[in-house]
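UniProt numbering numbers the first residue of the sequence shown as 1 and each following residue consecutively.
See below for the structure under consideration.
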Amino acid sequence: MSFVGDVTIGEGESVPPDTPFTKTWRIQNTGAESWPPGVCLKYVGGDQFGHVNMVMVRSLDPQEMADVSVQMRSPAAPGMYQGQWRMSTATGLFYGDMIWVILSVEVGGLLGVTQQLSSFQAEFNTQPARNVEGDYNPFASPQKHVGSNENSHRDDSGLKDPADTWEGGPDQMQQEQNGLSQNSVNIATNGLQSNLSVVTYSQGIHGPYPFGQS
Numbered sequence: 001m002s003f004v005g006d007v008t009i010g011e012g013e014s015v016p017p018d019t020p021f022t023k024t025w026r027i028q029n030t031g032a033e034s035w036p037p038g039v040c041l042k043y044v045g046g047d048q049f050g051h052v053n054m055v056m057v058r059s060l061d062p063q064e065m066a067d068v069s070v071q072m073r074s075p076a077a078p079g080m081y082q083g084q085w086r087m088s089t090a091t092g093l094f095y096g097d098m099i100w101v102i103l104s105v106e107v108g109g110l111l112g113v114t115q116q117l118s119s120f121q122a123e124f125n126t127q128p129a130r131n132v133e134g135d136y137n138p139f140a141s142p143q144k145h146v147g148s149n150e151n152s153h154r155d156d157s158g159l160k161d162p163a164d165t166w167e168g169g170p171d172q173m174q175q176e177q178n179g180l181s182q183n184s185v186n187i188a189t190n191g192l193q194s195n196l197s198v199v200t201y202s203q204g205i206h207g208p209y210p211f212g213q214s
């Protein structure tokens with residue numbers, strides 16, 4: 001195994017005191033055979049920078065490279081710190097180059113903050129976007145939205161749409177329609193009977209006398 005380079009926390013970069021950060025290295029399998037399952041990167045000496053002392057690494061094919069990351073936290077006091085890590089088999093056999101962590105802790109360091117902002121931005125970009133139509137105002141009160149909806153159903157004369165005044169359900173509407181139809185039939189029937197009565201009465205006074213006049 002060969003160490004290729006630092007992906008994060010390179011030369012000239014500093015971290016504020018007592019700040020979480022991610023240390024990432026790039027390594028390569030420079031051997032002629034693939035690594036066996038269960039290999040890992042272990043802390044072996046120096047400053048540990050947190051409670052993590054081992055991370056699993058996938059098996060790499062010959063000449064294959066991979067990035068290995070460890071979550072760490074900087075010391076509370078400013079200064080220069082260093083730690084050593086090394087690849088190990090599942091049985092505890094170390095192999096390959098020694099991997100170093102050389103950390104500069106400064107009050108004005110920005111690397112940890114930059115990583116946190118990058119993580120927040122990546123998380124924000126993965127959230128589904130909400131489609132908003134029209135001039136929707138997310139800060140308006142619900143009462144204002146109701147008023148705007150009511151105004152949208154008024155015509156230019158200022159009269160409200162009659163359809164908006166209906167408060168009954170579909171069954172009640174059907175009953176109202178059935179009742180209206182029945183009343184129409186009764187009114188029509190009564191009107192017909194009234195007309196027949198008028199015709200009969202009129203024939204008795206002014207009409208012909210089919211059975212003779214009495």
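Glycine included, C-beta positions come from ideal geometry on N, C-alpha and C.
Item: State the CB to CB distance for the pair I102 and W85, rounded to an integer number of angstroms; the pair is presumed to be in contact (CB under 8 Å).; Value: That pair is no contact at about 12 Å.
Item: State whether the segment 59–78 contacts the segment 22–29, with contact taken as three or more CB pairs (one from each stretch) at a distance under 8 Å.; Value: yes
Item: Cβ of V4 less than 8 Å from any chain B Cβ?; Value: You won't find chain B in this structure, because it holds only one protein chain.
Item: In this structure, does DSSP put L93 in helix, strand or coil?; Value: coil
Item: Rounded to the nearest angstrom, what separates G50 and V44 at their Cα positions?; Value: 14 Å
Item: Suppose you measure from the CA of D18 to the CA of G10; what does that come to, to the nearest Å?; Value: 19 Å
Item: What are the uninterrupted segments assigned as alpha helix (DSSP H) that are 4 or more residues long and contained completely in the UniProt domain "Nbr1 FW" (8–105), given in chain order?; Value: none
Item: I'd like the list of long-range same chain contacts for M54, defined as Cβ closer than 6 Å, with 5 residues on each side in sequence excluded.; Value: C40 and K42
Item: DSSP three-state call for G5: helix, strand or coil?; Value: strand
Item: Compute every distance between the C-beta of E11 and the non-hydrogen atoms of the ligand NAD, then say whether any falls below 7 Å.; Value: In terms of ligand content, the structure shown is empty, and the ligand NAD therefore cannot be addressed.
Item: Write down the C-beta distance between residue 219 and T22 rounded to the nearest angstrom, noting that I regard them as a contact closer than 8 Å.; Value: Since the first and last residues shown for the chain are 1 and 214, residue 219 lies out of range.
Item: Take the Cβ of G108 as the centre, count every other Cβ of all protein chains shown within 10 Å, and call the residue buried at 16 or more, exposed below.; Value: exposed
Item: Roughly how many angstroms separate the alpha carbons of M80 and S88, rounded to a whole number?; Value: 27 Å
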